[in-house]
Amino acid sequence: RSKIIYCYVRSWVMLRSLRVINLASTLTHYTAGLRLQDSVVEERRQGLVDDTLILLQHYPVYTLGKRGSLSDFRTPQKELIKTGAEICSVPRGGELTFHGPGQLVAYPIIGVKQAGLGARAYVEGLEDSIIGCLANYGINARGRVPGATGVWVGERKIAAIGVRISHGVSSHGLALNIETDLSYFQHIVPCGTPDKEITSIRRELETQDRCFGAIELQGPARMGSDSGGRKGLDPDFAEVVVGFIESFRNRLGFSTG
């Protein structure tokens, strides 16, 4: 009787390591953040460091990407500068946007070529990272919107994405509105979309609270009080950051902590 030999092949997926530089608990001037980013990018190109995720929260600044136009300023730049906001031109994709307190800015310095990621797949991975984070708060978001890179809640934009890939290494990245003062966006045409509203996690949770009353969320949120004394749901900035890091690791194929 002939013997039948069964061969079992087990495939292993080697998860990559990720270094996280989390400075988002305090405000960083935009130019200082750029210097840090440029330094890490050069180290990554030389193979001196692992893939790195830099997390920041900036002082108020308007940044103009490669596809941006000065006509996207609705308020004269001199008036904006008087308010204390900076204005910077940067070598990333995208148009004009705002960064400031209450917004998580993430700069992934990733060897995308080494990881086998094309530009589109990488951007979609960033969108998915944000969507996964927002799901913790019961916020149903979407990406992959034709002609409108970023993450959306309905027709409202909650996160902007603008990346640069040079010599196989990514820089710049994304900005997620957590509890941002959205009035800053009224002075510009954000991301080239004049007819779209900008939103934040705080605003979406407040909308849920008004529509449905007290609701039980799937993820971390704390009860708070808004300026009118009405109880609402406020996002905890630090916990959102933790949730984003976890989602980023999962979506981009990195090992956990």
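Just so we're aligned: 186 in full-length UniProt numbering is position 186 of the sequence shown, and the numbers increase by one with no gaps anywhere.
Every residue gets a Cβ at the ideal spot worked out from N, C-alpha and C, and that includes glycine.
Owing to the predicted nature of the structure, the values given are computational and were not obtained by experimental measurement.
May I ask you to report which of helix, strand or coil DSSP gives residue i?
| i | result |
| --- | --- |
| Lys66 | coil |
| Gly99 | It is His, not Gly, that sits at residue 99 in the sequence shown. Here His99 sits in strand by DSSP. |
| His60 | What sits at residue 60 in the sequence shown is Pro, not His. Note: Pro60 maps to coil in three-state DSSP. |
| Arg74 | coil |
| Ile178 | coil |
| Asp209 | helix |
| Ile87 | strand |
| Leu53 | strand |
| Ser17 | coil |
| Pro108 | strand |
Starting from residue i and walking both ways along the alpha helix (DSSP H), at which residues does that stretch end?
| i | result |
| --- | --- |
| residue 328 | Absent from the structure is residue 328, since the part of the chain shown begins at 1 and ends at 257. |
| Arg120 | 119-135 |
Are residue i and residue j close, meaning C-beta to C-beta below 8 Å?
| i | j | result |
| --- | --- | --- |
| Ala148 | Leu176 | no |
| Arg249 | Leu18 | yes |
| Asp72 | Val189 | yes |
| Thr180 | Gly100 | yes |
| Tyr137 | Leu205 | yes |
| Ile165 | Val112 | yes |
| Ser171 | Arg16 | no |
| Val241 | Asn22 | yes |
| Gly143 | Glu127 | yes |
| residue 258 | Pro108 | Only positions 1 to 257 of the chain appear in the structure, and residue 258 is not among them; the question remains open. |
| His167 | Arg92 | no |
Alpha carbon to alpha carbon, how far is residue i from residue j?
| i | j | result |
| --- | --- | --- |
| Gly118 | Tyr59 | 32 Å |
| Arg230 | Asp209 | Unreliable positioning characterises Arg230 in this predicted model, as indicated by a pLDDT of 32, which lies under 50. A coordinate reading is not provided. |
| Arg35 | Arg202 | 30 Å |
| residue 307 | Leu96 | The structure shown has nothing for residue 307, since the chain only spans 1 to 257. |
| Gly253 | Glu246 | 11 Å |
| Glu43 | Val169 | 11 Å |
| Gln186 | Leu64 | 16 Å |
| Thr28 | Gly116 | 32 Å |
| Lys78 | Ile110 | 36 Å |
| Tyr62 | Val123 | 22 Å |
Where do the N-terminal and C-terminal ends of the beta strand (DSSP E) with residue i fall, by residue?
| i | result |
| --- | --- |
| Ile139 | No beta strand (DSSP E) contains Ile139, which DSSP labels as neither H nor E. |
| Thr31 | Per DSSP, Thr31 belongs to no beta strand (DSSP E); it is in the alpha helix (DSSP H), 30-45. |
| Gly94 | No beta strand (DSSP E) holds Gly94; DSSP gives it neither H nor E. |
| Ala159 | 156-166 |
| Val153 | 151-153 |
Please name the residue, chosen from the options, that lies closest to residue i on a Cα-to-Cα basis.
| i | options | result |
| --- | --- | --- |
| Val163 | Glu43, Ala121, Ser69 | Ala121 |
| Glu197 | Gln37, Val241, Trp152, Lys66 | Trp152 |
| Leu104 | Val90, Tyr62, Ala238, Cys88 | Ala238 |
| Gln114 | Arg203, Asp234, Asp50 | Asp50 |
| Leu53 | Pro235, Phe185, Gly173 | Gly173 |
| Ser183 | Glu124, Thr75, Asn140 | Thr75 |
| Lys157 | His29, Asp195, Asp236, Val61 | Asp195 |
| Gly243 | Ala135, Gln37, Ser39 | Ala135 |
Does the CB of residue i have a neighbour CB from chain D at under 8 Å?
| i | result |
| --- | --- |
| Leu104 | Of the chains in the structure shown, none is chain D; there is only one protein chain. |
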